[in-house]
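Mapping of the sequence shown onto this note's numbering: residues 70 to 395, in sequence order.
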Amino acid sequence: MSNESKVVRTVAILALAAAGVTQAQATTAGTYNWTQASRWQEEDRYTTTGGATVYPQEWYPAKGYDVRPHAQLYSMFPSLVVGDGNNQQTSNNLWAALITSPNVIGNSTTLTRARDISEDWDINFVDPKVANKNYWADFYIDKPITYVDRAVFPLTLTGGPQAGQSLLGNNNLLAMGDDNSLWLDADGTLSYYNYPTGTLEFDSKKTGFTTGPAGWNGASLKSKVGNLIGYEEGRLYFLEGANTVQVFNYDLGFVRTDQFSFNGDLAGRSLADVIDGKVQGHTYIGWDLGPVIIGVSSVPEASTMALWLIGGGLVASRVRKARKQA
């Protein structure tokens, strides 16, 4: 994380603490009041005698993060607010709307296996009605009010192969991570642009993999970008089949292979099924030292579906349809 971003976001979190909005961490299991957010921890992974690489669920079996999404969403999606909004259904509806919104940075590509909109624990988005702010929310903080100045965090890139490109609605923006956006360039290479500044951070010259297991060593990047599920801490994560995660560094150097395995709430389920939305009530939003999963399905609850469709859900559903057809 850049020093500038650390300062901006540290100040914002201190402001949250002063306002009484704190990290939503519980110590005992129980029913969730809002929406469950969970991360399965890469940093604590271990390998079983059977060869599976288990990523343990953070806090499990204790209750984990019980969180409402960003406060700005209540005005962005008023039709999804149920009653006074102080209830789980509203929280779930707004999380689902955020996850599928084209106003989230990094939420438009159809090229990858999964979208990674979680950048250094943050989800970055805009409200089309607000011209001077970009909003951000850590997935583990309850109903944050955080934003940054768009003059410092521009939405248009400068310099390098993606100069002039927008961070919104761009198919070639592959993932978010490390205070950067990851791009597929026209020549079949990768470039990384800083967020906040919108300037070129690194421009790779590699069009393919020169190390790695069979099927990867010698393969072109374009032939494998459809397996990409995440970018974080200078590493790229690709999913093969149900659970095989191939890990490469930012310049396509091979790191390792994991036979991924969930424990906790998703024990016995495959990473592919979760990513594909086949596990009801669990939606993958990206990789932050392990998969980050929000406890909703990727559309709002049935009782507010009609209102959601009127209020913007049709856009999101068309995006998902285009992605499946790509």
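For each residue, glycine too, the CB sits at the ideal point set by N, CA and C.
If you run the structure through DSSP and keep just helix, strand and coil, what is residue i?
i, result
"D207", "strand"
"P138", "coil"
"T373", "Since pLDDT at T373 reaches only 40, below the 50 mark, its modelled position is unreliable, and no value is offered."
"K347", "coil"
"I168", "helix"
"A288", "coil"
"D153", "coil"
"G355", "strand"
"G299", "strand"
"Y143", "helix"
"K132", "coil"
"D189", "coil"
"L237", "coil"
"V316", "strand"
"V173", "strand"
"L226", "coil"
"V195", "coil"
"V294", "helix"
"L180", "coil"
So if DSSP puts residue i in a beta bridge, which residue, or which two residues, is it bridged to?
i, result
"M245", "S250"
"Q158", "DSSP lists no partner for Q158."
"L259", "L253"
"Y216", "Y204"
"R108", "V361"
"V123", "Y115 and S330"
"Y306", "G299 and V316"
"F271", "Y261"
"G277", "S289"
"R338", "Answer is none; R338 lacks a bridge partner."
Inspect the beta-carbon positions of residue i and residue j and report whether they are closer than 8 Å.
i, j, result
"I214", "A166", "no"
"E112", "L358", "yes"
"R219", "N193", "no"
"N239", "S177", "yes"
"G175", "L242", "yes"
"Q157", "N102", "yes"
"L269", "G229", "yes"
"I362", "V343", "yes"
"K275", "L321", "yes"
"V365", "W190", "no"
How would you call residue i, buried or exposed, if buried means at least 16 neighbouring beta carbons within 10 angstroms?
i, result
"T104", "buried"
"Y115", "exposed"
"S250", "buried"
"V314", "buried"
"V221", "exposed"
"S260", "buried"
"S289", "exposed"
"T118", "exposed"
"T404", "Any answer about residue 404 is impossible in this case: the structure gives the chain only from 70 up to 395."
"Q234", "buried"
"T79", "Any reading at T79 needs caution, since the residue's pLDDT is 42, under 50, leaving its predicted position unreliable; the model's value is listed next. Under this definition T79 is an exposed residue."
"P138", "buried"
"N296", "buried"
"T373", "At T373, the pLDDT of 40 sits below 50, so the modelled position is not reliable and the matter cannot be decided from this model."
"G133", "buried"
Can you give the Cα-Cα distance for residue i and residue j, rounded to whole angstroms?
i, j, result
"V173", "T279", "34 Å"
"S107", "N332", "12 Å"
"D248", "T258", "20 Å"
"L308", "I210", "28 Å"
"F329", "Y264", "30 Å"
"Q110", "L340", "14 Å"
"D327", "G281", "13 Å"
"W252", "A244", "7 Å"
"N312", "V294", "17 Å"
"Q126", "W205", "24 Å"
"L237", "T225", "9 Å"
"D135", "T181", "29 Å"
"P223", "D207", "20 Å"
"S148", "N161", "13 Å"
"A81", "V217", "With a pLDDT of 45 at A81, under the threshold of 50, the modelled position of that residue is not reliable, and the figure given next carries that caveat. Cα to Cα, A81 sits roughly 9 Å from V217."
"V199", "T266", "19 Å"
"L142", "V150", "9 Å"
"D345", "G154", "29 Å"
"G246", "S273", "16 Å"
"W285", "K212", "42 Å"
"A325", "N318", "The residue you asked about is not Ala; residue 325 is Arg in the sequence shown. Each residue's alpha carbon lies about 10 Å from the other."
"A121", "A232", "42 Å"
"I354", "R184", "7 Å"
Counting contacts by CB-CB distance shorter than 8 Å, is residue i in contact with chain C?
i, result
"D185", "Reference to chain C is not applicable here, since this structure consists of a single protein chain."
Sorry if obvious, but does the Cβ on residue i come closer than 7 Å to a heavy atom of the ligand NAD?
i, result
"Q158", "Only the bare structure without any ligand can be found here, which leaves the ligand NAD out of the picture."
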